[in-house]
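Those protein sequences? They're chains E and X, same order as listed.
Heads up, the first sequence is in the working numbering, so the first residue is 10 and it goes up one at a time.
Heads up, the second sequence is in the working numbering, so the first residue is 10 and it goes up one at a time.
Report on one structure; see the data block that follows.
2 protein chains.
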Amino acid sequence: MADHAPTVSPPSGPAPGPSDPRRAALDDPRLTAAGLLFEVSTGLAAQLTGQISAAGISMSEFEVLLRLSRSEATRLRMSDLATQANLSSSGLTRLVDRLEARGLVRRQACPSDGRGSFAVLTDDGLEALLDVLPGHVELIDRWYTSTLSPTQLDQITAALRTVRAVVRPGAEAGA
Amino acid sequence: MADHAPTVSPPSGPAPGPSDPRRAALDDPRLTAAGLLFEVSTGLAAQLTGQISAAGISMSEFEVLLRLSRSEATRLRMSDLATQANLSSSGLTRLVDRLEARGLVRRQACPSDGRGSFAVLTDDGLEALLDVLPGHVELIDRWYTSTLSPTQLDQITAALRTVRAVVRPGAEAGA
DNA sequence: GTGAGTTGGTTGTAGGGACAACCATATCCG
DNA sequence: CGGATATGGTTGTCCCTACAACCAACTCAC
């Protein structure tokens, strides 16, 4: 910090007054924009969580089932699945443990790599997913997509796609 | 499920085949749109977390400090703060415990309601916040706001504002 | 091939957050 | 006023997730 500025406010005290010029950063519109994004995301998630958890599965579990269902042969390598679901590898190990215990997923050794495992969606797993999906989509519609005009929805989707390409490079497939 | 449709696929077996019509829901564009929102939100958060946690504070703690800093007299009732930060009241109690132990926040009894407490930002707390804020805003710019054209940023912000009003009614102030 | 280094996945452990139960105070109403 | 109910916060407990340490298997260089 520059302490040679002959200005009004105290030079560099540890107790910034209410007119500390650094406080201007608190109102930076970019900060607000990011906060808005987070609020909407968590707010929407909160609206969706009830229905999913009423079916006895957590949001993370739901995402894992969904991603598996959309993958080739409804299976994915553990590490890929962890990346896609934003989980640590240990976190995914435990999550798949739980799903496997309930028969919604099963593990499959990778033939070409002795270390690797696939998580494979079982018929029961797909069934469970398809059971909750219609209600889930309806809630998304009610709390998100239907609240925007078609044009706005297109705009926000395009913008989000752009940002995703930056913050999550190489995550083109899946949602 | 309607089992009277004289269509091609098997009526209602527990093992849905790969051409189960219900699988169409997996590709519903609304589901994709919501997934995109979540991916961007978590992806951006991941990019921001490093800098904040390098300063020894968690994202939740950062949000609490930020919201306090923007509030009247840099203080907020515990319950209001919990709501704004999307935390349970017990979660906030523990979080404020930690911040208080580090001197970034202090509790203040509410004079008009013997049950209530305020969480008040201390000078050290404001200082800690202002220390990390510039770098934080810069990261937001790099990973979010600067990746969009001004027009796109305006569009997405307007759209998000609309959605927020729906999914988080009465959260007009703060971010 | 054999050893060094890397990668995929699981296990030990710790921390944060949620839910439920609880206490204290406030409010409402007879 | 006094009991019934509601509200604000804290505490007990559990679950989920991350980080670190670990093991097994693959790759590469020599």
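We put the CB at the ideal spot given by N, CA and C, even for glycine.
No experiment lies behind these values; they were computed from the predicted model shown.
- Query: Any contact of the region 83-96 of chain X with the region 127-141 of chain X, i.e. 3+ C-beta pairs under 8 Å?
  - Reply: yes
- Task: Check whether the Cβ of Phe47(X) lies closer than 9 Å to any Cβ atom in chain E.
- Result: To locate residue 47(X), count along the second sequence from 1; it is residue 38. With 9 Å as the cut-off, Phe47(X) counts as an interface residue toward chain E.
- If you count every other CB in all the chains shown that lies within 10 Å of the CB of Ser80(E), and 16 or more means buried, which is it? Along the first sequence, one-based indexing puts residue 80(E) at 71. It is buried - the Cβ of Ser80(E) has at least 16 other Cβ atoms within 10 Å.
- With DSSP run on the structure shown, which of helix, strand or coil describes Arg115(X)? Taking the second sequence and counting its residues from 1, one reaches residue 115(X) at position 106. Arg115(X) falls in the strand class under three-state DSSP.
- Message: At a CB distance below 8 Å, what residues from the region 86-118 of chain X approach chain E? Give them in sequence order.
- Response: Asn95
- Query: Does the beta carbon of Ile61(X) come closer than 9 Å to any beta carbon on chain E?
  - Reply: Residue mapping note: residue 61(X) aligns to position 52 of the second sequence, counting from 1. For Ile61(X), the answer is no, since every Cβ of chain E falls outside 9 Å of its Cβ.
- Task: Less than 8 Å between the CB atoms is what I'm expecting for Ile61(E) and Ala43(X), so what's the real figure, rounded?
- Result: In the first sequence, the residue the question calls residue 61(E) occupies position 52. In the second sequence, the residue the question calls residue 43(X) occupies position 34. 12 Å between Cβ atoms; not a contact.
- Query: Would a C-beta distance cut-off of 9 Å place Ser78(X) and Arg76(E) closer than the cut-off?
  - Reply: The residue you call residue 78(X) lines up with position 69 of the second sequence. The residue you call residue 76(E) lines up with position 67 of the first sequence. Cβ atoms of Ser78(X) and Arg76(E): not closer than 9 Å.
- Which of the three DSSP states, helix, strand or coil, is assigned to Ser69(X)? Position 60 of the second sequence, counted from the first residue, corresponds to residue 69(X). Ser69(X): helix per DSSP, three-state reduction.
- Message: Judging by CA-CA distance, which residue of Gln164(X), Ala137(X), Thr51(X) is the nearest neighbour of Ala64(X)?
- Response: Translated into the one-based positions of the second sequence, residue 64(X) becomes position 55. A check of alpha carbon separations from Ala64(X) across Gln164(X), Ala137(X), Thr51(X) identifies Ala137(X) as the nearest.
- Query: Ala54(E) CB to nearest chain X CB: under 9 Å?
  - Reply: On the first sequence, residue 54(E) is found 45 positions in, with the first residue counted as 1. Yes - at least one Cβ of chain X is within 9 Å of the one on Ala54(E).
- Item | For Ser121(E) and Ile165(X), the rounded distance between their alpha carbons | Reading the second sequence from its first residue, position 156 is the one you call residue 165(X). Reading the first sequence from its first residue, position 112 is the one you call residue 121(E). C-alpha separation (whole angstroms): 45 Å.
- Residue span of the alpha helix (DSSP H) that contains Ser62(E), given as start and end: Position 53 of the first sequence, counting from 1, holds the residue named residue 62(E). Note, Ser62(E): alpha helix (DSSP H), 38-63.
- Query: Among the residues of its own chain, which have a CB less than 7 Å from the CB of Thr16(X), if the five just before and after it don't count?
  - Reply: As a working mapping, residue 16(X) is identified with position 7 in the second sequence. Its pLDDT being 49, under 50, Thr16(X) is placed unreliably in this model, and the value from its coordinates should be taken loosely. Result list for Thr16(X): empty, nothing under 7 Å.
- Message: Mapping the DSSP letters down to three states, classify Ala33(X) as helix, strand or coil.
- Response: Indexing the second sequence from 1 puts residue 33(X) at position 24. Three-state DSSP puts Ala33(X) in a helix.
- Message: So, with DSSP's three-state summary, where would you put Leu90(E)?
- Response: Counting from 1 along the first sequence, the entry for residue 90(E) is found at position 81. Leu90(E) falls in the helix class under three-state DSSP.
- Task: State yes or no: is the beta carbon of Val129(E) nearer than 9 Å to at least one beta carbon in chain X?
- Result: By one-based count along the first sequence, residue 129(E) stands at place 120. Chain X contact via Cβ: absent.
- Query: Sorted by chain position, which residues of the same chain lie with C-beta nearer than 6 Å to Gln117(E)'s C-beta, five sequence neighbours on each side aside?
  - Reply: Locating residue 117(E) in the first sequence gives position 108, counting from the first residue. Cβ within range, chain order: Phe127, Val129.
- For Ala128(X), the residue or residues it bridges with in DSSP: One-based indexing of the second sequence puts residue 128(X) at position 119. For Ala128(X), the pairing in a beta bridge is given by DSSP as Leu85(X), Arg116(X).
- Give every residue of the same chain whose Cβ lies closer than 7 Å to the Cβ of Arg39(E), excluding the five residues on either side of it in the sequence, and list them in chain order. Here residue 39(E) refers to the residue found at position 30 of the first sequence. The beta carbon of Arg39(E) is closer than 7 Å to none in its chain, skipping five residues each way along the sequence.
- Item | Secondary structure of Asp150(X), DSSP reduced to three states | As a working mapping, residue 150(X) is identified with position 141 in the second sequence. Of the three classes helix, strand and coil, the one that applies to Asp150(X) here is helix, per DSSP.
- Using a cut-off of 9 Å between C-beta atoms, extract the partners of Pro7(X) located in chain E. Not covered by the structure: residue 7(X). The range shown for chain X is 10 to 184.
- Message: To the nearest angstrom, how far is the alpha carbon of Arg124(X) from that of Val73(X)?
- Response: Locating residue 124(X) in the second sequence gives position 115, where the first residue counts as 1. Locating residue 73(X) in the second sequence gives position 64, where the first residue counts as 1. Approximately 21 Å between the Cα atoms of the pair.
- Alpha carbon to alpha carbon, how far is Leu45(E) from Glu109(E)? The residue given as residue 45(E) occupies position 36 in the first sequence. The residue given as residue 109(E) occupies position 100 in the first sequence. Cα to Cα, Leu45(E) sits roughly 37 Å from Glu109(E).
- Message: In whole angstroms, give me the CA-to-CA distance for Leu191(E) and Gly134(X).
- Response: A question about residue 191(E) goes unanswered here, because the residues of chain E that appear run from 10 up to 184.
- Query: By the criterion of Cβ-Cβ separation under 7 Å, what are the contact partners of Arg177(X) in chain E?
  - Reply: One-based indexing of the second sequence puts residue 177(X) at position 168. Within 7 Å Cβ-Cβ: Glu48, Gly52.
- May I have the straight-line CA-CA distance separating Arg115(E) from Val172(X), to the nearest angstrom? Position 106 of the first sequence, counting from 1, holds the residue named residue 115(E). Position 163 of the second sequence, counting from 1, holds the residue named residue 172(X). Taking the straight line from one Cα to the other gives about 38 Å.
- Query: When DSSP labels each residue in this structure, what does Leu142(X) get in the three-state scheme?
  - Reply: The residue given as residue 142(X) occupies position 133 in the second sequence. Reduced to three states, the DSSP call for Leu142(X) is helix.
- Task: Can you have a look at Arg103(X) and say buried or exposed, based on whether 16 or more other CB atoms are within 10 angstroms of its CB?
- Result: Your numbering for residue 103(X) matches position 94 in the second sequence. Classification for Arg103(X): exposed.
- Task: State yes or no: is the beta carbon of Val146(X) nearer than 9 Å to at least one beta carbon in chain E?
- Result: Here the question's residue 146(X) lines up with position 137 in the second sequence. It does: the Cβ of Val146(X) has a partner Cβ on chain E nearer than 9 Å.
- C-alpha distance - Arg107(X) paired with Leu142(X), whole-angstrom precision: Along the second sequence, one-based indexing puts residue 107(X) at 98. Along the second sequence, one-based indexing puts residue 142(X) at 133. When rounded, the distance between both Cα atoms is 20 Å.
- Message: Using the three-state DSSP reduction, which class does Pro178(X) fall into: helix, strand or coil?
- Response: Walking along the second sequence from the start, residue 178(X) turns up at place 169. Coil at Pro178(X), not helix or strand.
- Query: Is the shortest distance between the beta-carbon of Asp12(E) and the beta-carbons of chain X less than 9 Å?
  - Reply: Here residue 12(E) corresponds to residue number 3 of the first sequence, with the count starting at 1. With a pLDDT of 48 at Asp12(E), under the threshold of 50, the modelled position of this residue cannot be trusted; read the value that follows with caution. Chain X contact via Cβ: absent.
- Message: Can you give me the C-alpha to C-alpha distance between Ala174(E) and Ala54(E), rounded to a whole angstrom?
- Response: Position 165 of the first sequence, counting from 1, holds the residue named residue 174(E). Position 45 of the first sequence, counting from 1, holds the residue named residue 54(E). Rounded to the nearest angstrom, the two C-alpha atoms are 22 Å apart.
- Item | Nearest neighbour of Arg170(E), chosen from Tyr153(X), Pro178(X), Ser28(X), Ala167(X) [CA to CA] | Numbered from its first residue, the first sequence carries residue 170(E) at position 161. Considering only alpha carbons, the answer is Tyr153(X).
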